[in-house]
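Asks:
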Amino acid sequence: MEAMTTIDELRRANIDVTIASVKKQIQVDACHGVKIVADALISNCVDIGFDLISLPGEMPSAATLGDYDILENMVKKHADDGQLYAGIYAAPAVALGSWGLMKGFKATCYLSFMEQLSSTATIVESRV
């Protein structure tokens, strides 16, 4: 749901969105039997300049994202270049936090991941 909502809202605003699969195939099995057809494989997106990299965060997908070195390196380079990155639900704790990208930031995530996030970010329960 997090991925589809983000994609839908951005596309409704006429923002160009690239859906990238971290798997070896374009079609991704999301939660609850939803199938998403990506625009590209993440390995083909390494040299593309994005304005924002956003990570959906429903489990176990967020943990899966956190295990992909290509994605981690892309987001770290993006952060080093001062570009925007974001995570929803568990992704701030499970992916971004584990990569060291939440240090010094105010952040929030799904309640059951707050303790994990608190080791890498300042937790807030309001808008960030």
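So the sequence shown is numbered by my numbering: it starts at 13 and just counts up by one.
By construction, the Cβ of each residue, glycine as well, lies at the ideal position given by its N, Cα and C atoms.
1) Going by the DSSP bridge assignment, what does T134 pair with across the sheet?
2) When DSSP labels each residue in this structure, what does S222 get in the three-state scheme?
3) Would you identify the three-state DSSP class for I42, choosing helix, strand or coil?
4) Going along the chain, which residues of its own chain have a beta-carbon closer than 7 Å to the beta-carbon of G45, five neighbours each way excluded?
5) Looking at C-beta atoms only, is the number of pairs between the segment 52-60 and the segment 103-110 that lie closer than 8 Å three or more?
6) Counting only runs that start and end within the segment 54-102, where is the alpha helix (DSSP H) found for 4 or more residues in a row?
7) Counting only the same chain and skipping the five closest in sequence on each side, list residues whose C-beta sits under 6 Å from that of M71.
8) Going by DSSP, which residues form a beta bridge with V49?
9) How is the alpha helix (DSSP H) around M16 delimited, first residue to last?
10) On a Cα-Cα basis, can you pick out the residue from L64, D79, V58 that is closest to G109?
11) Alpha carbon to alpha carbon, how far is V87 from Y97?
12) When you compare the CB positions of L67 and A91, do they come within less than 7 Å of one another, or not?
Replies: Result, derived from the coordinates:
1) Against the sequence shown, residue 134 aligns to sequence position 122. K118.
2) Residue 222 is absent from the structure shown; the chain starts at 13 and stops at 140.
3) Position 30 of the sequence shown, counting from 1, holds the residue named residue 42. Residue 42 is actually Ala in this sequence, not Ile. A42 falls in the coil class under three-state DSSP.
4) To locate residue 45, count along the sequence shown from 1; it is residue 33. Cβ within range, chain order: n/a, list empty.
5) No, the segment 52-60 does not touch the segment 103-110.
6) Taken in chain order, the complete alpha helix (DSSP H) segments of 4 residues or longer contained in the segment 54-102 are 73-78, 81-92.
7) By 1-based counting over the sequence shown, the position of residue 71 is 59. Result list for M71: A102, in chain order.
8) In the sequence shown, residue 49 corresponds to position 37, counting from 1. Per DSSP, the beta-bridge partners of V49 are Q39.
9) Counting from 1 along the sequence shown, the entry for residue 16 is found at position 4. For M16, the enclosing alpha helix (DSSP H) stretches over residues 14-24.
10) Residue mapping note: residue 109 aligns to position 97 of the sequence shown, counting from 1. Here the closest residue by C-alpha is D79.
11) For the purposes of this step, residue 87 is taken as residue 75 along the sequence shown, with counting starting at 1. For the purposes of this step, residue 97 is taken as residue 85 along the sequence shown, with counting starting at 1. Distance between the alpha carbons of V87 and Y97: 7 Å.
12) For this step, residue 67 is matched to residue 55 along the sequence shown. For this step, residue 91 is matched to residue 79 along the sequence shown. Judged by beta-carbon spacing, A91 lies beyond the 7 Å limit of L67, meaning their Cβ atoms are not closer than that value.
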